[in-house]
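Numbering (the numbering used here), first residue to last: -10 to 77.
For each residue, glycine too, the CB sits at the ideal point set by N, CA and C.
Take a look at the structure set out below.
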């Protein structure tokens, strides 16, 4: 199931597949520009989970930062992802 979903995300341009730089036999998936553009939606889902799911894995500090200054957090994450994408 996971392999099929990864394949579909790659086919529609949300992620790209590449070789892991540390372990060559491992596959590394990265967000494309199209995938990075989904960041605001993903952040809202993380915030929702942090506020509504007692079993969330999201650190409270991250949720607080997202609630306190969404735009700055989005900018920081977007810049980091774009920088990682350009290295490929």
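Consult DSSP for residue i and reduce its assignment to one of helix, strand or coil.
i	result
residue -8	helix
residue 12	coil
Across which residues does DSSP place residue i in a beta bridge pair?
i	result
residue 6	18
Which term fits residue i, buried or exposed, when burial requires 16 or more other beta carbons within 10 angstroms of its beta carbon?
i	result
residue 40	exposed
residue 20	buried
Check whether the region -3 to 12 touches the region 57 to 72, counting contact only when three or more Cβ pairs, one atom from each stretch, lie closer than 8 Å. The count of Cβ pairs closer than 8 Å, one atom from the region -3 to 12 and one from the region 57 to 72, stays below three, leaving the stretches out of contact.
Where in the region 18 to 70 do unbroken runs of the beta strand (DSSP E), each at least 3 residues long, occur, reported from the N-terminal end onward? List check, beta strand (DSSP E) in window: nothing returned.
Inspect the CB distances between the region 18 to 36 and the region -8 to 7 and report whether three or more fall short of 8 Å. Touching, yes.
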